[in-house]
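Per our numbering, the sequence shown starts with residue 5, numbered consecutively.
This report refers to the structure that appears directly beneath it.
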Amino acid sequence: MRIRVGLLDGVVLAMVVALIAIPDRRVHVHSAYAGASAADVRDVARYQALWEADQRDGELADALSRALLDLGHSDWALRVAGTSAAYEDSPTAWRAHLAVSSAHARRLEIDGALASAKRSLDGCEAAHAACPDHWHARIALYVEQLERGVAAGIDPVEDPEAFRRESMRMFPSSRALPHGELD
Numbered sequence: 005m006r007i008r009v010g011l012l013d014g015v016v017l018a019m020v021v022a023l024i025a026i027p028d029r030r031v032h033v034h035s036a037y038a039g040a041s042a043a044d045v046r047d048v049a050r051y052q053a054l055w056e057a058d059q060r061d062g063e064l065a066d067a068l069s070r071a072l073l074d075l076g077h078s079d080w081a082l083r084v085a086g087t088s089a090a091y092e093d094s095p096t097a098w099r100a101h102l103a104v105s106s107a108h109a110r111r112l113e114i115d116g117a118l119a120s121a122k123r124s125l126d127g128c129e130a131a132h133a134a135c136p137d138h139w140h141a142r143i144a145l146y147v148e149q150l151e152r153g154v155a156a157g158i159d160p161v162e163d164p165e166a167f168r169r170e171s172m173r174m175f176p177s178s179r180a181l182p183h184g185e186l187d
């Protein structure tokens, strides 16, 4: 009996040699929350599970967004809040818009922060039953502060302290910013 070695046999042999000769790849996976406390990671996980169950809930989006911002993940915070803010018919969409504004402010993207804060204020006024008066007052003050800083023409990226001073000049004792974005 004669053995014939064909092209297919050569390809299979080359693949077997390659699999044996190539070292296995070591994949090192690190936590996205490196340096965060176990409690912070649990909070994010809890808020994320609740938010995944109801992405229309602006309050959950705000809570998850704040937790992510505290861990330095402004891009994730924007994605979460933006997803919930897209549900304009939700009575708590104003909270999601506020979370979008907070994430933009944390990134010193003041134009985006102001636009989202105005949407939050409009949504708060439209959903009065879901937006308590103290939140309305706080958001209105936040919008005024952002407008004042923008009107001054100060670039918060280049001089965040000057922007902060100018935006707070009208209300020097106020800390109205929703989650301490520029505090």
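Even for Gly, the Cβ is constructed at its ideal location relative to N, Cα and C.
Along the alpha helix (DSSP H) that carries Cys135, what are the first and last residues, could you check? Premise fails: Cys135 is in no alpha helix (DSSP H) and is neither H nor E.
What's the C-alpha gap between Arg99 and Tyr146? 13 Å
Given this structure, state the Cα-to-Cα distance separating Val15 from Ala25, to the nearest angstrom. 15 Å
Would you identify the three-state DSSP class for Ser94, choosing helix, strand or coil? coil
Anticipated Cβ contact below 8 Å, Ala97 with Gly127, distance rounded: 5 Å
Give the secondary structure of Leu186 by DSSP, where H, G and I count as helix, E and B as strand, and everything else as coil. In this prediction, Leu186 has a pLDDT of 45, which is less than 50 and means its spatial position is unreliable; nothing more can be read from the coordinates.
Are Val104 and Gly76 close, meaning C-beta to C-beta below 9 Å? no
Could you tell me whether the region 109 to 124 touches the region 156 to 164, where touching means 3 or more Cβ pairs closer than 8 Å? yes
What's the call for Asp28, buried or exposed, on a 16-neighbour Cβ count within 10 Å? exposed
With DSSP run on the structure shown, which of helix, strand or coil describes Tyr146? helix
In the structure shown, what three-state DSSP assignment does Val31 receive? coil
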